[in-house]
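Residue numbers (the numbering used here): 2 to 389. Glycine included, every Cβ here is placed at the ideal spot set by N, Cα and C. Every value quoted in this text rests on a predicted model; they were computed, and no experiment measured them. A quick write-up on the structure given underneath.
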Amino acid sequence: MIDYTSVLSRTVTGLKKSGIRKFFDLLDGRKDVIGLTVGQPDFVTPWHIREAGIESLQKGKTYYTSNAGMPELRAEICTYLKRRFALSYMPEETVVTVGGSEAIDLAIRAVTDPGDEIIIPTPSFVCYEPIARLCGGVPVIVKTTVEDRFKLTPEALRAAITPKTKMLVLPYPNNPTGAILTKEELEGIAEVLRGTNILVLSDEIYAEMTYGRQHVSIASLDGMWERTIITSGFSKSYAMTGWRMGYLAAPKPLAEQMLKIHQYAIMCAPTTSQLAAIEALKNGDEDIAMMVGEYDRRRRFVYQGFRDIGIDVFEPEGAFYIYPEVGKFGLDAETFCDRLLNEYKCAIVPGTAFGEGGERFARVSYAYSIKHIEEALNRIEAFVKTLK
2 MIDYTSVLSR TVTGLKKSGI RKFFDLLDGR KDVIGLTVGQ PDFVTPWHIR EAGIESLQKG
62 KTYYTSNAGM PELRAEICTY LKRRFALSYM PEETVVTVGG SEAIDLAIRA VTDPGDEIII
122 PTPSFVCYEP IARLCGGVPV IVKTTVEDRF KLTPEALRAA ITPKTKMLVL PYPNNPTGAI
182 LTKEELEGIA EVLRGTNILV LSDEIYAEMT YGRQHVSIAS LDGMWERTII TSGFSKSYAM
242 TGWRMGYLAA PKPLAEQMLK IHQYAIMCAP TTSQLAAIEA LKNGDEDIAM MVGEYDRRRR
302 FVYQGFRDIG IDVFEPEGAF YIYPEVGKFG LDAETFCDRL LNEYKCAIVP GTAFGEGGER
362 FARVSYAYSI KHIEEALNRI EAFVKTLK
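As structure tokens, this is what we get:
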């Protein structure tokens, strides 16, 4: 018999399992549960995008593409970034990836040597810290607070920087809190970084999902383009989660090295998905506007719903999540969520799944219909009444 403990990587076995996956496993096969857990649009991919994918299959376009992605798609990505966010990139400064998650992986792996420090504000998406550890990097966690509206402050960033700092992860608009950074707030972050050799991984997968103001990328600020790697994708803004389409944009010396990893690990993104993505970029602005308008309606509904229940909650400004403070009822987040699931058949995700600072909070997705959200809020209210 093989002793698997002796042959497996200690780095890998030492990683914690995803807190999100752990909680989702509890839902497996439970038809009686109503959930607000999944960060996935409840919209079907718009028909004209699906039609482009179907047509590509009908015409037999089932071949490999160039490693970096189809030239037409990379050109469309550049046009899109310029048109929507005033960002200037050339096709050779972009790489098409298998989802935004691969783009994040490439960005961290391409710059991290053992011992390098990666600054990660939390709460945030679950993958940054484990990827840094897999590279031998040292995650430096900076906890954001509700008092600061879950925004990274220049003071907190400055305090986290050491001579070993290689990269700052900038996860805004934020999953799970719904926080954003305004242009003025980004200027404060940029001022700390100017004159250093620190890179920025700007995860902008939710860039289209802001409410009341336009998203601003840190790459658009003076002196930031040269140090920023933008990662994004099609899953959220075009309801294309299962198509697994993402991309990165970065200065050519960085993009070339990330492409090298992509060549060996993936080869190329799926051809059908790339052709559908071209159609999305060319003709998908109205789809984005429709979906964001509906998310905004749901955002306001769920925010008011939690306030009416008596749960303190930060009003989200981006993405499609809200982050209520469930700890005020004498339970930690995991206990609150476990009991809500088991006693009232309603599933939300404890904030601890998203890193340090989430012990009193839970993530709620409003990528669901109003009817679905309303029923979940009714169950949460019934549970909370038993705790008062």
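At a Cβ-Cβ threshold of 9 Å, Val34 and Lys346 count as neighbours.
The shortest CA-to-CA distance from Phe355 to any of Met2, Lys17 and Tyr5 is the one to Lys17.
Within the same chain, Cβ atoms closer than 6 Å to the Cβ of Ala208 are found at His216, the five residues on either side in sequence being excluded. Listed as beta-bridge partners of Phe362 by DSSP are Glu326. Taking 9 Å as the cut-off, the beta carbon of Tyr367 is found closer than this to the beta carbon of Phe321.
Here Cys269 carries a coil assignment [DSSP, helix/strand/coil]. Assigned with DSSP and collapsed to three states, Lys167 falls in strand. Look at Tyr296 here: in three-state DSSP terms it is helix. Secondary structure at Glu209: coil, using DSSP grouped into helix, strand and coil. Pairing Asp117 with Arg110, the inter-Cα distance amounts to about 11 Å. When only Cα atoms are considered, Leu342 and Ala69 end up about 44 Å apart.
Contact annotation: the stretch 46 to 60 touches the stretch 277 to 296, with at least three C-beta pairs closer than 8 Å. The stretch 251 to 262 makes no contact with the stretch 286 to 302; the number of CB pairs closer than 8 Å stays below 3. For Glu318, no beta strand (DSSP E) segment is defined, and its DSSP state is neither H nor E.
For Pro72, the enclosing alpha helix (DSSP H) covers residues Pro72 to Phe86. No Cβ-Cβ contact shorter than 9 Å links Thr6 with Gly247.
With contacts defined by Cβ atoms closer than 9 Å, Gly15 and Arg134 form a contacting pair.
As a beta-bridge residue in DSSP terms, Ile121 pairs with Ile142. The closest CA to that of Leu202, considering only Thr242, Leu88, Val385 and Ala108, is found on Ala108. In the DSSP assignment, Ile230 falls outside any alpha helix (DSSP H) and lies within the beta strand (DSSP E) extending over Thr229 to Gly234. Assigned with DSSP and collapsed to three states, Cys347 falls in strand.
The beta-carbon distance between Arg364 and Pro92, rounded to whole angstroms, is 36 Å. This is too long to meet the 8 Å contact definition.
Between Glu295 and the set Gly359, Leu276, Tyr212 and Cys338, the nearest pair of CA atoms involves Tyr212. For the 9 Å CB-CB criterion, Ala104 and Leu276 do not form a contact. Counting the other CB atoms within 10 Å of its CB gives Val13 a total below 16, which places it among the exposed residues. One Cα belongs to Glu188, the other to Leu194, and the distance between them is close to 10 Å.
For Val293, the closest C-alpha among the options Ile3, Arg11, Pro42 and Val8 is that of Pro42.
Short of 6 Å from the beta carbon of Gly224, and not among the five residues preceding or following it, lie these beta carbons of its own chain, in chain order: Arg195. Taking C-beta atoms under 8 Å as the contact rule, Pro115 and Gly101 fail to qualify, at a distance of about 26 Å. The C-alpha of Phe362 lies about 42 Å from the C-alpha of Ile3.
Taking all protein chains in view, the Cβ of Ala160 is surrounded by fewer than 16 other Cβ atoms within 10 Å, so the residue is classified as exposed.
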